[in-house]
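Asks: Numbering (UniProt numbering), first residue to last: 1 to 222.
We put the beta carbon where it would ideally sit given N, CA and C, even for glycine.
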């Protein structure tokens, strides 16, 4: 399988997606469309699309953002698996014609998310994930709510059993969290979670997050 990753900022990398790809002997290619003049993979050379987070908004009008959405729509029509984290999930919903708006709260730091659907087996009812956002997506009508949190209902969805969008992050490993906080620490200000950069760094990444990330990817590629 060829996995094409769309990475949108240097400090939000693939995390455990890389370990999953290696364990399953998949080929992994990383694209940086925000930097390299909008270079994107084609749909035909994509078996699984991973869309990572970033500081931009899907409501921005950059040509590469629109091109990403064209790619997403094509892959949806081809019934290929897609996973989106944060901005990536927002791009999926925008591609389907739904809205992305300012969130009622800014969530930056570690907080619990709650499972809202049993469609994927053996997912814990409660997990602690990394949040790094202040926008939120509208759940597509044809999708199922997958996760929620105490501050935001629309934290995750699953569509057609092969597309998952999460507003938060299960994929970061320790080194990824350090990179995010080191470079984007100013963004932590005014988060409702009330955590400092030191709080976020000193919190051990839950081991079950990698396990759950593997289960999510296994499910949409089965």
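(1) Give a yes or no on whether the C-beta atoms belonging to residue 53 and residue 88 are separated by under 8 Å.
(2) Report yes if the C-beta distance between residue 170 and residue 129 is below 8 Å; otherwise report no.
(3) Applying the criterion that 16 or more other CB atoms from any shown protein chain within 10 Å of the CB defines a buried residue, is residue 36 buried or exposed?
(4) Among 49, 189, 40, which has the Cα closest to the Cα of residue 17?
(5) Measuring alpha carbon to alpha carbon, tell me which residue in 173, 29, 132 is nearest residue 208.
(6) What residues in its chain sit with their C-beta under 6 Å from that of residue 166, if we drop five residues either side in the sequence?
(7) Rounded to whole angstroms, what is the Cα-Cα separation between residue 216 and residue 136?
(8) Based on Cα-Cα distance, which residue from 14, 124, 47 lies nearest to residue 206?
(9) Select from 31, 19, 3, 108 the residue whose C-alpha is nearest the C-alpha of residue 10.
(10) Got a sec? Which residues, its chain only, sit under 7 Å from residue 219 by beta carbon, not counting five neighbours each side?
(11) State the Cα-Cα distance for the pair residue 139 and residue 191, rounded to the nearest angstrom.
(12) How would you label residue 5, buried or exposed, when you count the other beta carbons within 10 angstroms and need 16 or more for buried?
(13) Let me know the alpha helix (DSSP H) ranges lying completely inside the UniProt domain "Glutamine amidotransferase" (43-171), each 4 residues or longer, listed in chain order.
(14) So which of 45, 177, 149, 69 has the shortest CA-CA distance to residue 112?
(15) Do residue 187 and residue 108 count as a contact pair if the criterion is CB distance below 8 Å?
(16) What's the C-alpha gap between residue 127 and residue 114?
(17) By the DSSP assignment, the alpha helix (DSSP H) with residue 231 in it spans what residues?
(18) Residues in the same chain with beta-carbon distance under 6 Å from residue 141, minus the five sequence neighbours each way, listed in chain order, please.
(19) Return the bridge partner residues of residue 5 from the DSSP annotation.
(20) Which residues in the same chain as residue 200 place their Cβ atom closer than 6 Å to its Cβ, once the five residues preceding and following it in sequence are excluded?
(21) Under 8 Å between the Cβ atoms of residue 117 and residue 158?
(22) Can you grab the Cα-Cα spacing for the pair residue 91 / residue 19, in whole Å?
(23) Using 8 Å for Cβ pairs, my map puts residue 13 next to residue 176. What's the rounded Cβ distance?
Replies: So, from the listed chains and residues:
(1) yes
(2) yes
(3) exposed
(4) 49
(5) 173
(6) 85, 89, 156
(7) 21 Å
(8) 124
(9) 31
(10) 120
(11) 23 Å
(12) buried
(13) 63-77, 87-95
(14) 149
(15) yes
(16) 7 Å
(17) Residue 231 lies beyond the stretch modelled for the chain, which goes from 1 to 222, so this question has no answer here.
(18) none
(19) 30, 50
(20) 109, 181
(21) yes
(22) 24 Å
(23) 5 Å
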